[in-house]
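Undergrad:
Numbering (the numbering used here), first residue to last: 1479 to 1669.
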């Protein structure tokens, strides 16, 4: 099974950095736990503010990962024996690659491929022949399923109310790890 991972909201806790920047600029107190949508415009924010906050996020060398992300990704890499595939919606995927490389991989960063550039990832999924994607943005999940790609929704405050017609729902990286082991047992036995 060829698996791909979204970056922001799945691996990197980018929303904290974005909201901190917005709160500082606007004097607001937006918190990730209060988000009902990944589309921050729905929270009354103008595009200029959002662009500034996203550019700030892009400029960072390091963004903290979600708990368990690095450990599980390291294990997945060890089992599949291939570069980890990340598909980001960022318009500048190189910024995501730089930030993923900067994570604490205990001196042994896995091989990785980072592609993307659009929130709608169908083109990248098809080109990379992905079987399953782990995503936090529900916007195109039904389209991914429609093209035969399995989906796993990493649950976050902004997507909890989304009704996923088919696919998996992961409460965190440990749940994803358990699912991955169940679906890759044969490969694990050979490693």
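Positions of the beta carbon are idealized from the N, C-alpha and C atoms, including for glycine.
Helix, strand or coil, according to DSSP, for residue 1593 in the structure here?
TA: On the chain shown, position 115 is the one that residue 1593 refers to. The answer is strand: DSSP assigns residue 1593 an E or B state.
Undergrad: Hey, would you say residue 1487 sits closer than 7 Å to residue 1614, going by beta carbons?
TA: For the purposes of this step, residue 1487 is taken as residue 9 along the chain shown, with counting starting at 1. For the purposes of this step, residue 1614 is taken as residue 136 along the chain shown, with counting starting at 1. Against a cut-off of 7 Å, the Cβ pair of residue 1614 and residue 1487 comes out as a contact.
Undergrad: Note down, in chain order, each residue of its chain lying with its Cβ closer than 7 Å to the Cβ of residue 1602, except the 5 sequence neighbours on either side.
TA: Counting from one through the chain shown, the residue named residue 1602 turns up at place 124. The answer, listed in chain order, is 1565, 1593 and 1594.
Undergrad: Should the region 1493-1502 be regarded as contacting the region 1573-1590, the criterion being three or more beta carbon pairs within less than 8 Å?
TA: With the cut-off at 8 Å, the region 1493-1502 and the region 1573-1590 do not touch.
Undergrad: On a CA-only basis, which of 1645, 1628 and 1608 is nearest residue 1563? Give me that one, please.
TA: Walking along the chain shown from the start, residue 1563 turns up at place 85. Comparing Cα-Cα distances from residue 1563 to each of 1645, 1628 and 1608, the minimum goes to 1608.
Undergrad: What residue does the beta strand (DSSP E) around residue 1613 start on, and which one ends it?
TA: The sequence position of residue 1613 within the chain shown is 135, counting from 1. From DSSP, the beta strand (DSSP E) with residue 1613 extends over 1610-1613.
Undergrad: By Cβ distance, which residues of its chain are closer than 8 Å to residue 1500, with the 5 residues on each side in sequence left out?
TA: On the chain shown, position 22 is the one that residue 1500 refers to. Here the set comprises 1506, 1508, 1518, 1523, 1527, 1528 and 1531.
Undergrad: Do residue 1554 and residue 1658 have their C-beta atoms within less than 7 Å of each other?
TA: Sequence index remark: in the chain shown, residue 1554 carries index 76 (1-based). Sequence index remark: in the chain shown, residue 1658 carries index 180 (1-based). Yes, Cβ-Cβ distance for residue 1554 and residue 1658 is below 7 Å.
Undergrad: Among 1545, 1590, 1549 and 1544, which residue has its Cα nearest to the Cα of residue 1481?
TA: As a first step, residue 1481 is located in the chain shown; it is residue number 3 there, counting from the start. The shortest C-alpha to C-alpha distance from residue 1481 to any of 1545, 1590, 1549 and 1544 is the one to 1590.
Undergrad: Taking the straight line between their C-alpha atoms, what separation do you get for residue 1489 and residue 1502?
TA: Working through the chain shown from its first residue, we reach residue 1489 at position 11. Working through the chain shown from its first residue, we reach residue 1502 at position 24. Looking at the two C-alpha atoms, the distance is approximately 24 Å.
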